[in-house]
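Peer 1: Mapping of the sequence shown onto the numbering used here: residues 65 to 300, in sequence order.
Ideal placement from N, C-alpha and C gives every residue a C-beta, glycine not left out.
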Amino acid sequence: MKDKTEIVLRGVGMRFGAAEVLKDINLDLEQGRIYGLVGRNGSGKTVLLKIICGLLEATSGTVAFRGIPKETEKFPADNCGVLIENPGFLPDYDAYRNLKFLADIRHKIGKKEIREAIRTVGLDPDSRKHVGKYSLGMRERLGIAQAIMENPSILLLDEPTNGLDNEGVEEMRAVYQKLRAEGKLIVLASHSKEDIALLCDEVYYMDHGRIIDRQVQETEQEKMTMEKSRNGKAGG
Numbered sequence: 065m066k067d068k069t070e071i072v073l074r075g076v077g078m079r080f081g082a083a084e085v086l087k088d089i090n091l092d093l094e095q096g097r098i099y100g101l102v103g104r105n106g107s108g109k110t111v112l113l114k115i116i117c118g119l120l121e122a123t124s125g126t127v128a129f130r131g132i133p134k135e136t137e138k139f140p141a142d143n144c145g146v147l148i149e150n151p152g153f154l155p156d157y158d159a160y161r162n163l164k165f166l167a168d169i170r171h172k173i174g175k176k177e178i179r180e181a182i183r184t185v186g187l188d189p190d191s192r193k194h195v196g197k198y199s200l201g202m203r204e205r206l207g208i209a210q211a212i213m214e215n216p217s218i219l220l221l222d223e224p225t226n227g228l229d230n231e232g233v234e235e236m237r238a239v240y241q242k243l244r245a246e247g248k249l250i251v252l253a254s255h256s257k258e259d260i261a262l263l264c265d266e267v268y269y270m271d272h273g274r275i276i277d278r279q280v281q282e283t284e285q286e287k288m289t290m291e292k293s294r295n296g297k298a299g300g
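#1: Compare the Cα-Cα distances from Glu94 to each of Ser217, Phe80, Tyr160 and Lys175 and report the closest residue.
#2: Would you mind reading off the limits of the beta strand (DSSP E) that contains Gln279?
#3: Using the Cα positions of Asp88 and Pro151, report the straight-line distance between them to the nearest angstrom.
#4: So Asn143 and Leu154 are supposed to be a Cβ contact under 8 Å. How far apart are they, rounded?
#5: Are the CB atoms of Glu223 and Ala261 within a distance shorter than 9 Å?
#6: Note the first and the last residue of the continuous beta strand (DSSP E) segment covering Gly201.
#7: Just to check my reading of the structure: Ile98 and Asp265 have Cβ atoms closer than 8 Å, yes? What is that Cβ distance to the nearest angstrom?
#8: Any idea if Gln279 is buried or exposed, counting beta-carbon neighbours within 10 angstroms, 16 or more meaning buried?
#9: Looking at the strands, I want to know which residues DSSP matches up with Ser124.
#10: Would Leu221 and Ala211 be called neighbours here (beta carbons separated by less than 9 Å)?
#11: Measuring straight from C-alpha to C-alpha, what distance separates Ile71 and Gly131?
#12: What is the C-beta distance between Arg205 and Val195, in whole angstroms, given that I count them as a contact (C-beta under 8 Å)?
#13: Give a yes or no on whether the C-beta atoms belonging to Leu73 and Val127 are separated by under 9 Å.
#14: In angstroms, rounded to a whole number, what distance separates the CA positions of Leu219 and Glu121?
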């Protein structure tokens, strides 16, 4: 059987001066699964996401992607799509121009992929509306488009439904479920109990920089499948 493990963390810790914000984090994260990080503000969720994607360097422990240590030049950091904190876009440019500027840094994708990412999140790639006039929910959608536009194998999302209305939340949940079905690994930090319950295959509860509990749960699709199975047996 093919090993689906994408990321392995062993003994990961993080200090800022005398403050220890992460302690002995051990995780095995696989393709085609959505993992939830749950905890109060300051529990270490965002710092952990930043370490996984390379925005921060852990002060102890190791991070490896498909067996490649993060410390090596071969570590494929560009396989991560990231939405952490408030996306920093240029307010005087439209959605397409903003993503085009970012895409031109690595030259991995072109106009077609940028436009498709914008459409995927429910925005109009032909709109000339400046991002500075976007609502919080529209900016969040554009941040998600930026995270997925280069087709990364890993998505790291911090409060990804922040600012979205009910319709937007449902649309983005459908996007994440589709990406999981395509084999993406998604790690999301969220205060939304509903997001965690409906989307996540595994949930890690954090407090004071430690993982204090782990819960494996049925996804909504698995619940529906089980329900159909039970109904079928009952009808038989």
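Peer 2: According to the data block:
#1: Within the sequence shown, residue 94 is the residue found at index 30, counting from 1. Out of Ser217, Phe80, Tyr160 and Lys175, Ser217 has the C-alpha closest to the C-alpha of Glu94.
#2: Within the sequence shown, numbered from 1, the residue matching residue 279 stands at position 215. Unbroken beta strand (DSSP E) run through Gln279: Arg274 to Val280.
#3: Here residue 88 refers to the residue found at position 24 of the sequence shown. Here residue 151 refers to the residue found at position 87 of the sequence shown. Looking at the two C-alpha atoms, the distance is approximately 29 Å.
#4: Position 79 of the sequence shown, counted from the start, is the residue given in the question as residue 143. Position 90 of the sequence shown, counted from the start, is the residue given in the question as residue 154. Not quite, the Cβ-Cβ distance comes to about 25 Å (not below 8 Å), so this is no contact.
#5: If you number the sequence shown from 1, residue 261 lands on position 197. If you number the sequence shown from 1, residue 223 lands on position 159. Not a contact, by the Cβ cut-off of 9 Å.
#6: As a position in the sequence shown, residue 201 is number 137, starting the count at 1. Run containing Gly201: none in the beta strand (DSSP E); it sits in the alpha helix (DSSP H), Leu200 to Ile212.
#7: Against the sequence shown, residue 98 aligns to sequence position 34. Against the sequence shown, residue 265 aligns to sequence position 201. Contact flag correct, Cβ pair sits at about 6 Å.
#8: Translated into positions along the sequence shown, residue 279 becomes position 215. Exposed, since its Cβ has fewer than 16 Cβ neighbours within 10 Å.
#9: Taking the first residue of the sequence shown as 1, we reach residue 124 at position 60. Its beta-bridge partners are Gly77.
#10: Within the sequence shown, numbered from 1, the residue matching residue 221 stands at position 157. Within the sequence shown, numbered from 1, the residue matching residue 211 stands at position 147. Cβ atoms of Leu221 and Ala211: closer than 9 Å.
#11: Sequence index remark: in the sequence shown, residue 71 carries index 7 (1-based). Sequence index remark: in the sequence shown, residue 131 carries index 67 (1-based). Looking at the two C-alpha atoms, the distance is approximately 8 Å.
#12: Taking the first residue of the sequence shown as 1, we reach residue 205 at position 141. Taking the first residue of the sequence shown as 1, we reach residue 195 at position 131. With 8 Å as the limit, Arg205 and Val195 do not qualify as a contact, their Cβ atoms being about 11 Å apart.
#13: The count along the sequence shown starts at 1 and reaches residue 73 at position 9. The count along the sequence shown starts at 1 and reaches residue 127 at position 63. It is a contact, given that the beta carbons lie within the stated cut-off.
#14: Locating residue 219 in the sequence shown gives position 155, where the first residue counts as 1. Locating residue 121 in the sequence shown gives position 57, where the first residue counts as 1. Taking the straight line joining both Cα atoms gives about 18 Å.
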